[in-house]
Amino acid sequence: MSILWMDNFQNYGTSLSIAQQGTPYQYLGGINGGLVANPDGSGDTVLQIGGNTGNSNVVDNGVALPASGTKIGVAFRYRTQALPSSSGVRPSLMQYRDLTNAKQVDIIVESNGSLTVQIQGTQIINTGYPIVTAGNWQHFEIYVDSTVGSVTVKLEGVQVINQTYAANSIVFANIGWSPRQDLYSPAQAATSYMKDFIIWNTSGTVNNSFIGPVSVYRLAPTTDVSNSWTLTGGTSVSGITSADPPNDSNYIAAGYTGLPLSATVNLSDLPSNVVGVRAVMTLQRAEKSDGGDATINTQIHSGSATFTGANHNIGTSFAYSYDISEVDPNTGSAWNPIAVNNATMSIVRTV
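Going by the working numbering, the final residue of the sequence shown carries number 602, and the count climbs one at a time with no gaps.
Now the structure itself:
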């Protein structure tokens, strides 16, 4: 598997705390930040990039990589409402950090819209011309390989940086971003946003390189197919589990007898203009009532075949788990929109 995480920030309502329950997000800055309406007026929810009260951008926004490594790529759409007015409020478009959370690679937006790359605090390149423009969404892809010492940045699929540095084989464990530089308040920075966020590496046989300007869509449950769980606070599995934000008073429950217990739903369709699919990710939020054993998995059914995710241990407070399918189990090839639209999803209590 090469894709490690995907998000469009449309599963958590407006709660940054819910977004951090079991997901790779270690912290999401709340000063001048949050989950807000898209500034382009489209009506969807996006991440407004904020900071914290500290005097360092180390802990503004951090993501623990689901798999640490020396070769890590990210893709996302970014929008700033204004270019930085001074050096202190230059945004870190993306940071790569090691196992101690020390900053190793920093890609910084300058006041003229150009990009600067720093390695361990030392500049290795500035583009010399504007890359970032204010007031519109731009799709970025960034790939860093510390084994050979290279940083590559693409804008809308076109390479704008391809720079080498002294290879050090640093293992990246975290990535992050910030609206400002150290010692400056995030409240002083221009407002900026993120959506269509993807993390990938080179470990798999597909999606192991730049994936292009793609979008991430939330396909919510629409109707029930079958159910052996108990409903509380609602009349259907799909109605309860599609809530955004999740309502902890409404839930489906599976006891410990008669296992495995399964609930299966149909999902909403992809937009009609989607022509290809890179991967399908399930995202489920669960808790158990006491200290006994409990595990769940998710299944994606396509034709006569099924993708089964990992068995996830459930804790006594709500947390997300997730699984990623990069090929259609019915064909062994890449998913396509028709197959995704026809697929169903099950949540199964296994223990």
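All C-beta atoms, glycine included, are put in the ideal place defined by N, C-alpha and C.
Could you give the residue range of the beta strand (DSSP E) that holds residue i?
i: LEU334; result: LEU334 -> no beta strand (DSSP E), and no H or E assigned at all.
i: GLN261; result: GLN261 -> no beta strand (DSSP E), and no H or E assigned at all.
i: TYR507; result: Premise fails: TYR507 is in no beta strand (DSSP E) and is neither H nor E.
i: ILE462; result: Run containing ILE462: none; DSSP gives neither H nor E here.
i: ASP544; result: Looking at the DSSP string, ASP544 is not in any beta strand (DSSP E), and its letter there is neither H nor E.
i: ALA288; result: 285-288
i: LEU350; result: Taken as a continuous stretch (DSSP letters only), LEU350 belongs to no beta strand (DSSP E), as it is neither H nor E.
i: THR481; result: 481-483
Give every residue of the same chain whose Cβ lies closer than 8 Å to the Cβ of residue i, excluding the five residues on either side of it in the sequence, and list them in chain order.
i: TYR468; result: ASN259, LEU521, PRO522 and VAL525
i: PRO317; result: LEU255, TRP256, PRO275 and ILE450
i: GLY229; result: Absent from the model: residue 229. The displayed extent of the chain is 252 to 602, so no value can be given.
i: GLY294; result: ALA288
i: LEU286; result: PHE260, TYR263, GLY264, THR265, SER266, LEU267, ALA270, THR296, VAL297, LEU298 and GLN299
I need the DSSP call for residue i, collapsed to helix, strand or coil.
i: THR492; result: helix
i: ILE269; result: helix
i: PRO437; result: helix
i: VAL409; result: strand
i: VAL399; result: coil
i: ASN308; result: helix
i: VAL383; result: coil
i: VAL340; result: helix
i: PHE569; result: coil
i: ARG469; result: coil
i: ARG536; result: strand
i: VAL599; result: strand
Just to confirm my understanding: we take residue i, look at its own chain, exclude 5 residues before and 5 after, and list those with CB closer than 6 Å. What are they?
i: GLY324; result: TYR394 and TRP451
i: ARG536; result: PRO497, PHE569 and TYR571
What residue range is occupied by the uninterrupted alpha helix (DSSP H) comprising residue i?
i: VAL593; result: Position check: residue 593 holds Asn in this sequence, whereas Val was assumed. Where ASN593 is concerned, the enclosing alpha helix (DSSP H) stretches over 588-593.
Sorted by chain position, which residues of the same chain lie with C-beta nearer than 7 Å to residue i's C-beta, five sequence neighbours on each side aside?
i: THR453; result: SER253, LYS322 and ASN459
i: ASN306; result: ASP433 and LEU434
i: ALA333; result: ALA385 and ALA441
Please name the residue, chosen from the options, that lies closest to residue i on a Cα-to-Cα basis.
i: SER420; options: ASN377, VAL404 and VAL356; result: VAL356
i: THR549; options: SER397, ILE575, ALA570 and SER568; result: ILE575
i: ALA353; options: VAL310, GLY280 and GLY408; result: VAL310
i: ALA556; options: VAL465, GLY543, TRP586 and ASP544; result: TRP586
i: GLN277; options: TRP428, PRO437 and VAL297; result: TRP428
i: ILE269; options: SER513, HIS552 and ASP495; result: ASP495
i: GLY379; options: GLY485, GLU392, VAL402 and ILE412; result: ILE412
i: LEU366; options: ALA530, TYR502, GLN410 and ILE282; result: GLN410
By DSSP's criteria, residue i is part of a beta bridge. Which residues make up the other side?
i: ASP219; result: Residue 219 cannot be examined here, being either before or after the span of the chain that is shown, 252 to 602.
i: ALA315; result: ASN425
i: TRP451; result: ILE254 and GLY324
i: LEU518; result: PRO472
i: VAL368; result: ILE358 and ILE376
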